[in-house]
Amino acid sequence: MLPVHNNILDESMPYEAAFSYDELFPSLPENEVRPEAPAVDIGQWTQKMKVKSSVITQVFRVPVEERKFRDMNNQRFGEQGEQAKICSDIMQKTGAHIEISSSKDQSLTILVTGKEEAVLKARRLIVKELQTQALISISIPKEHHRFILGKGGKKLTDLELSTATKISVPRPDENSDLIKITGTKEGIDKARHEIQLISDEQSKLAFERLLIPKMYHPFIFGPFNETINQIIGETKARINIPPASVMKDELTIAGEKEAVAKAKARVQNIYEERKRNCQSVSVEVPKNQHKYIIGPRGQTIQEILQETGVSVEMPPPDVQSDTITLRGEQAKLGPALTLVYSKANSVKTEHMDVPSWLHKYIIGKKGANIKHMTQDLSKVQVDFTDESIKVEGPPEEVYEACKRLKEMIDNLRKQVAYEEVKVNPAFHRHIIGKNGSNINRLKEDTKTLINIPSDNENDVVRIEGAPEGVAQVKKLLLEMVHKMENEISKDLIIEQRFHRNIIGAKGEKIREIRDKFNQVNITFPEPGLKSDKVTIRGPKSDVDACYKYLHRMNEEMKLTNFSVEVPIYKQNHKFIIGKGGANIKKIRDETNTKIDLPAEGAESDVIAIRGRKEDVLLAKKKILEIQEELDNVITQEIMIPAKLHNSIIGTKGRLIRAITEECGGVTIKFPTGGTGSDKVSIRGPKDDVMKAKKRLLEISNEKQLVGHTAEIKANPEQHKFLIGKNGASIKKVRDKTGARIVFPNENDDDKNTITIIGRKEEVEAAKNELNSLIAQLKDTAETTTEIDPKHHRYFVARGAEVLKQISNDYGGVTVSFPKIGSNSSKVVLKGAKDFLEPAKQRLHEIVEDLVS
Numbered sequence: 001m002l003p004v005h006n007n008i009l010d011e012s013m014p015y016e017a018a019f020s021y022d023e024l025f026p027s028l029p030e031n032e033v034r035p036e037a038p039a040v041d042i043g044q045w046t047q048k049m050k051v052k053s054s055v056i057t058q059v060f061r062v063p064v065e066e067r068k069f070r071d072m073n074n075q076r077f078g079e080q081g082e083q084a085k086i087c088s089d090i091m092q093k094t095g096a097h098i099e100i101s102s103s104k105d106q107s108l109t110i111l112v113t114g115k116e117e118a119v120l121k122a123r124r125l126i127v128k129e130l131q132t133q134a135l136i137s138i139s140i141p142k143e144h145h146r147f148i149l150g151k152g153g154k155k156l157t158d159l160e161l162s163t164a165t166k167i168s169v170p171r172p173d174e175n176s177d178l179i180k181i182t183g184t185k186e187g188i189d190k191a192r193h194e195i196q197l198i199s200d201e202q203s204k205l206a207f208e209r210l211l212i213p214k215m216y217h218p219f220i221f222g223p224f225n226e227t228i229n230q231i232i233g234e235t236k237a238r239i240n241i242p243p244a245s246v247m248k249d250e251l252t253i254a255g256e257k258e259a260v261a262k263a264k265a266r267v268q269n270i271y272e273e274r275k276r277n278c279q280s281v282s283v284e285v286p287k288n289q290h291k292y293i294i295g296p297r298g299q300t301i302q303e304i305l306q307e308t309g310v311s312v313e314m315p316p317p318d319v320q321s322d323t324i325t326l327r328g329e330q331a332k333l334g335p336a337l338t339l340v341y342s343k344a345n346s347v348k349t350e351h352m353d354v355p356s357w358l359h360k361y362i363i364g365k366k367g368a369n370i371k372h373m374t375q376d377l378s379k380v381q382v383d384f385t386d387e388s389i390k391v392e393g394p395p396e397e398v399y400e401a402c403k404r405l406k407e408m409i410d411n412l413r414k415q416v417a418y419e420e421v422k423v424n425p426a427f428h429r430h431i432i433g434k435n436g437s438n439i440n441r442l443k444e445d446t447k448t449l450i451n452i453p454s455d456n457e458n459d460v461v462r463i464e465g466a467p468e469g470v471a472q473v474k475k476l477l478l479e480m481v482h483k484m485e486n487e488i489s490k491d492l493i494i495e496q497r498f499h500r501n502i503i504g505a506k507g508e509k510i511r512e513i514r515d516k517f518n519q520v521n522i523t524f525p526e527p528g529l530k531s532d533k534v535t536i537r538g539p540k541s542d543v544d545a546c547y548k549y550l551h552r553m554n555e556e557m558k559l560t561n562f563s564v565e566v567p568i569y570k571q572n573h574k575f576i577i578g579k580g581g582a583n584i585k586k587i588r589d590e591t592n593t594k595i596d597l598p599a600e601g602a603e604s605d606v607i608a609i610r611g612r613k614e615d616v617l618l619a620k621k622k623i624l625e626i627q628e629e630l631d632n633v634i635t636q637e638i639m640i641p642a643k644l645h646n647s648i649i650g651t652k653g654r655l656i657r658a659i660t661e662e663c664g665g666v667t668i669k670f671p672t673g674g675t676g677s678d679k680v681s682i683r684g685p686k687d688d689v690m691k692a693k694k695r696l697l698e699i700s701n702e703k704q705l706v707g708h709t710a711e712i713k714a715n716p717e718q719h720k721f722l723i724g725k726n727g728a729s730i731k732k733v734r735d736k737t738g739a740r741i742v743f744p745n746e747n748d749d750d751k752n753t754i755t756i757i758g759r760k761e762e763v764e765a766a767k768n769e770l771n772s773l774i775a776q777l778k779d780t781a782e783t784t785t786e787i788d789p790k791h792h793r794y795f796v797a798r799g800a801e802v803l804k805q806i807s808n809d810y811g812g813v814t815v816s817f818p819k820i821g822s823n824s825s826k827v828v829l830k831g832a833k834d835f836l837e838p839a840k841q842r843l844h845e846i847v848e849d850l851v852s
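Take the sequence shown: its letter number 594 is residue 594 in UniProt numbering, and every next letter is one higher.
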């Protein structure tokens, strides 16, 4: 960023090199006379200038009317970002340091520091980019062009740098004597003066230098250059007077000897006459009104000179002086002074203190309000600054604009209020709520604008809107902040299986608990996290009370939710249930427990009992007693070498569990490890015991002859498809290969591993068969079919039970129906290629049944 100073020049700023008088006062209108040297302590500057420094500093000014980056339509100056970027680029290109300050009249003062060459280049680039450019052409004899260019074009380059202009000299082969100068008015005047001097000195005709004090130059120029143009027109001599920005007393005349003599006489006469008759008077006019006396590009001063014949000398813009000097005949000084005061007071500036938050309401959407307010005040200009509004223009229009602004502001203050509330950034997200739910609801209810800072350092929340809405939001925010500042958080360990009981159906129970304890926030872990931590947050007293309540509830649930699983032979379940459920109902009533039997057709033989521990154990005892009383339960003992026990049990008991499940859930007990006993006990229904005994002996014989095992990995979701309905698929593999295949059950930690047992060739054959089936399941595809929309509801009803059954029967194929009401008949099937067509066929079979 470029440094910007509020003051145009700070006298205490240490500069490495002194400014020349020209550099301090670079730009004045043509007819403006520069203050005489005694107005500044020249001695100080002279002493400093004796020390030659490699670093220089130049200060120059860009008048408001010549600024390139301004936007009058918006009634304020803009594009500051672009202006700063340009200066930054120039600093990088030239190595010079640039500082910019903006005056109250919106003119720019620019300070450039660095080596002389860098400063000159930077100044030229700044003028080109930040100041509006003009173009003039002057006629210089062709034979003089080479003297203007200098050796290797150096003289022309130096002139361009010193005047910050672009000078185009026609090529030698061009039949033109016009030299074009592009730049600011000030730079063009300087360049034209220097080029004319070079040409005049080279002229073979007469050439005169006249020393006439600078203060009398405006009279030789005349108003709007009328006098000097008249002399040139009558005498045909060339008169070169330094522009106002060049502090030189001399002027030159060149041309035919007779013409030079006539022009010299005319100029001398004007000088002598003015020297003889002119008097001066100094008046004090506030600095901020000087621009109205000068006028755009010095227009107003020229009008005063034309009307009264009095020259008005203004202090340089960079000097904080209110003194203006009028020079002319005694009788005309009075009218000129009246004109000066009239021009100074022709524009009035008023500042109104208005908070910045109100500005946008005053301006309106796309400036509609401010444009409407000033539409009949064409000469007034309204600028908005940080905490104020500046109104500038003719006094009567300024008065009317301020009156209208005050009325608008008074009305806005009645309709719109503004408050700032300090809120710890840590609380911002709680005020906003999930996806902005809290803050959006608050905005909607109160019809206010609430601005919460996005960074974590700003703690100011701003509220705008109707006064009653703002007051309501402020009150609610302060209450929320007070509540959050007094909040605490406590964690309670509750087994995840109890979370559903505490939450209740559709969250009804947890809402009751929150209402009971002043809306404390109770957070449960996501179901997939397998966490038991429950967090309670809110006011300390409410959190403590809620913690005790949930802790007591947890203890009661632990007492009343003790559970055991009792394996009962499948064929005995009907005796446990009894006729019409009489037996099981009696056990439930006597023990006050909840007893769940596996669904009809399910493979499991486990009966689950839940309740208080002593009641659960009693119910278990009663159920086992019923099984013991049944006549067909026997116990058999067989001898299997102890060394084979571990291999028959299998990794983590997989093989023995497979035999148990295959034989109706018999109980098989091996002797405790280390005893060396060969005795194995089998207990259960007689037929199942005999079947299990046969299988154990077969495996024992196989192990003694030759034993081989292998493991393959498969996604647990694929197991049911490998097994098939009622074990049909895996039975085919077993019958075909002769190997035993053991799948993991839900209690195994490793649910991916399938174990194959048998002779080596049997194991290899089974392994190949299973790998082939797994590959088929992985080879997924997609197909579509058409089903009349009137049948869709049947498939998706009752939790899509029909579709789940199809998925189970056909290798996990997923069937997607279009949304109800879409009237689309397209049904999408995804899954293993081999199962897609059978699944599609099954869908159409169901449709045929529905139709018939």
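Here a beta-carbon is modelled for each residue, glycine too, at the ideal position from N, C-alpha and C. Values in this document were obtained by computation on a predicted structure and should not be read as measured data.
If one requires a minimum length of 3 residues, the beta strand (DSSP E) runs lying completely within the region 449-523 are 460-465, 487-493, 521-523, in chain order. Contact check for V473 against L492 fails: the beta carbons are separated by 8 Å or more.
In the DSSP assignment, D544 falls outside any beta strand (DSSP E) and within the unbroken alpha helix (DSSP H) covering 540-560. Just so you know, the alpha carbons of P141 and T235 end up roughly 19 Å apart.
When only Cα atoms are considered, Q330 and G222 end up about 18 Å apart.
In this structure, I212 keeps its C-beta atom at 8 Å or more from the C-beta atom of A191. Across the structure, E628 and D849 are spaced so that their CA atoms are roughly 47 Å apart. The criterion of a C-beta distance shorter than 8 Å is satisfied by G295 and I301. Look at the UniProt domain "K Homology" (204-272) and you find these whole runs of beta strand (DSSP E), each 3 residues long or longer: 206-211, 238-240, 250-255. Spatial neighbours of S816 in its own chain (CB-CB distance under 6 Å, excluding positions within 5 residues in sequence) are listed in chain order as V828.
For the pair T737 and R654, the CB atoms are not nearer than the 8 Å cut-off. Membership of K579 in any beta strand (DSSP E) is not indicated, and neither H nor E is assigned to it by DSSP.
Between the C-alpha atoms of D834 and Y810 there is a straight-line separation of about 9 Å.
In the structure shown, F147 adopts helical secondary structure according to DSSP, grouped into three states. Note on geometry: alpha-carbon atoms of A797 and N501 lie some 27 Å from one another. Distances from the alpha-carbon of K621 to those of I568, K574, G580, A582 put I568 closest. Of all alpha-carbon atoms in P395, M484, L205, the one lying nearest the alpha-carbon of P425 is that of M484. Residue burial annotation: P685 is buried, with at least 16 other C-beta atoms found within 10 angstroms of its C-beta.
Taking I757 as the centre and dropping the five residues before and after it, the same chain places the C-beta of T709, R740 closer than 6 Å to its C-beta, in chain order. Going by DSSP, S807 is part of the alpha helix (DSSP H) stretching over 792-809. As DSSP reads the structure, K826 sits in a beta bridge with E786.
Rounded to the nearest angstrom, the Cβ distance from I682 to K694 is 10 Å, too far for a contact under 8 Å.
Contact between D318 and R67 is ruled out by a C-beta separation of about 16 Å, above the 8 Å threshold.
The Cβ atoms of A164 and R123 lie closer than 8 Å to each other.
It is roughly 38 Å from the alpha-carbon of C402 to the alpha-carbon of I98. Each of G183, R537, T323 was checked against the Cα of E284, and the nearest Cα belongs to T323. Across the set F69, T94, M91, the C-alpha of F69 shows the shortest separation from the C-alpha of E82. Secondary structure of M639 (DSSP, three-state): strand.
In the DSSP annotation of this structure, the continuous segment of the beta strand (DSSP E) that includes M352 starts and ends at 348-353. Under DSSP, T182 forms a beta bridge with L135, K166. The Cβ atoms of I522 and K490 do not sit closer than 8 Å to each other. Y399 sits in a helix when the DSSP states are folded into three classes. If you ignore the 5 residues before and after I730, its C-beta comes within less than 7 Å of the C-beta of L722, I723, G724, I741, all in its own chain and listed in chain order. Sixteen is the threshold: since fewer than 16 other Cβ atoms of the shown chains lie within 10 Å of the Cβ of H844, the residue is exposed. With a cutoff of 8 Å on beta-carbon distance, N592 and D615 are scored as near each other. Separation of Y292 and T325 (C-alpha to C-alpha, rounded to the nearest whole angstrom) is 15 Å.
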